[in-house]
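Numbers 8 to 278, taken from our numbering, label the letters of the sequence shown in order. Every residue gets a Cβ at the ideal spot worked out from N, C-alpha and C, and that includes glycine.
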Amino acid sequence: MNKQTANPTLSSYFNDITIHFYEDTALMESTGRQLGIDVNQDYFRAISFLYPSDMVVSYEDKCHLTEVLTPVLSCGPLNRTMDSPQFLACDKGTLFFLMAHTKEELLSADSQVCEKAISLLEENFPDTFIRIGIGTIENGLSGIERSYQNSLHAVNAGEKFKKERRVLDFIGMEIYSAINAMVLAHGQTLISTILLQLSEEEQAILGKYYKCKEQIPAVADSLHLDEEQVKKALQQVKEKTGLDINDTEDNFKLNFVMIAKRVLEKEKRRR
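Structure (structure tokens):
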């Protein structure tokens, strides 16, 4: 955004903030006041609505999603007072900033937004599981940008670790976001060091072992094996990797490697 930008909307204004397309901080703050907000005094929370990461999403899909969700703006203390377009296209969907003069007002509006959004999504997208990412409550230009990123991070981590959950608050998903970042940075090394020593069957049994909360009978039942076959495979894991599921530290490493495998496979499908 620069001095020549004519008639900015809230959508274009927030878009410039989230991609840091500005140099003059004072100009951005002044433009915000012209639009009816004070970025340093008011409070903002990014709320994103994203299609599944493995879905091919067109610009028209994002526009349709925005159109369906526009009624949720009536839940925002400041949003409902403004006629300017507020949604901006992002990643695999659309996003807006919930706005209020106080944190208390913002918090009280959160649940209303989610309830209304879920109702609209279930009615208009019955066959598509669109997730809702809740960013952190922030103010200031850098805070608004951070809330935007946190909203997207919450959905990204939630899709991998909490698949059944539709509403994903960054505060609740923060640990998963950190794990996700760690896996993307170091997961391939872990897999090549440990997991590639195992056969595909041993990997499948080990993965199911953790999915079944380390209950061997449940693993056997799920994979249609007998318990001795499962125990033998887990013994093979110990012999090939030197890591024992009965040792607390080793068990943590093996579990983390299986998480890394799942996350990287999901990331590969996204691309």
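Identified DSSP bridge partners for residue i
i: threonine 285; result: The question about residue 285 has no answer here: the residues shown for the chain are numbered 8 through 278.
i: tyrosine 50; result: Ala107
i: leucine 175; result: Gly140
i: glutamate 145; result: Phe51
Residue i: first and last residue of the uninterrupted alpha helix (DSSP H) it sits in
i: valine 244; result: 234 to 248
i: valine 75; result: 66 to 76
i: histidine 231; result: That residue, histidine 231, is in no alpha helix (DSSP H); it is neither H nor E in DSSP.
i: cysteine 168; result: In the sequence under discussion, the amino acid at residue 168 is phenylalanine, which differs from the cysteine named in the question. It spans 148 to 168 - the alpha helix (DSSP H) in which phenylalanine 168 sits, taken as one unbroken run.
i: phenylalanine 21; result: 17 to 25
i: arginine 87; result: Run containing arginine 87: none; DSSP gives neither H nor E here.
i: serine 37; result: 32 to 41
i: tyrosine 217; result: 207 to 218
8 Å contact criterion, which residue i and residue j should meet: CB distance rounded
i: threonine 88; j: phenylalanine 94; result: At roughly 16 Å, the Cβ-Cβ gap does not stay under 8 Å, so threonine 88 and phenylalanine 94 are not in contact.
i: cysteine 110; j: valine 64; result: Cysteine is not the amino acid found at residue 110; the sequence shown has lysine there. Lysine 110 to valine 64, Cβ: 33 Å. No contact.
i: arginine 138; j: valine 120; result: About 14 Å separates the two Cβ atoms, so there is no contact after all.
i: phenylalanine 136; j: arginine 173; result: 7 Å
i: alanine 124; j: leucine 76; result: 6 Å
i: alanine 107; j: tyrosine 50; result: 5 Å
i: lysine 167; j: lysine 273; result: 5 Å
Residue from the options whose Cα sits closest to the Cα of residue i
i: leucine 241; options: His160, Glu256, Phe263, Tyr217; result: Tyr217
i: valine 270; options: Leu57, Val120, Ala33, Gly165; result: Gly165
i: arginine 276; options: Phe263, Ile212, Asp61, Glu208; result: Asp61
i: arginine 52; options: Tyr29, Arg40, Ser91, Gly142; result: Gly142
i: aspartate 68; options: Lys245, Gln204, Ala96; result: Ala96
i: glycine 140; options: Leu159, Ala225, Ser91, Tyr50; result: Leu159
i: glutamine 156; options: Phe21, Ser126, Gln243, Asn253; result: Phe21
i: serine 91; options: Leu127, Leu113, Ser18; result: Ser18
i: glycine 214; options: Ile178, Ile26, Ile252; result: Ile252
i: glutamate 74; options: Asn131, Pro15, Leu230, Tyr183; result: Asn131
i: isoleucine 44; options: Ala211, Gly147, Gly179; result: Gly147
i: serine 229; options: Cys219, Glu235, Ile198; result: Cys219
i: glutamine 236; options: Glu208, Phe263, Thr255; result: Glu208
i: asparagine 47; options: Glu30, Glu145, Asn14, Thr16; result: Glu145
i: aspartate 254; options: Glu221, Glu234, Val226, Asp233; result: Glu221
Proximity test, Cβ basis, 8 Å: residue i and chain E
i: leucine 175; result: In summary, chain E is missing from the structure at hand, where a single protein chain is found.
Validate contact between the segment 146 to 154 and the segment 82 to 93 using beta carbons, cut 8 Å, 3 pairs: no
Below 8 Å, can you find three or more Cβ-Cβ pairs linking the segment 54 to 72 to the segment 100 to 114? yes
Given 8 Å, three or more beta-carbon pairs between the segment 192 to 211 and the segment 233 to 252: yes
Contact between the segment 252 to 268 and the segment 187 to 198: three or more CB pairs below 8 Å? yes
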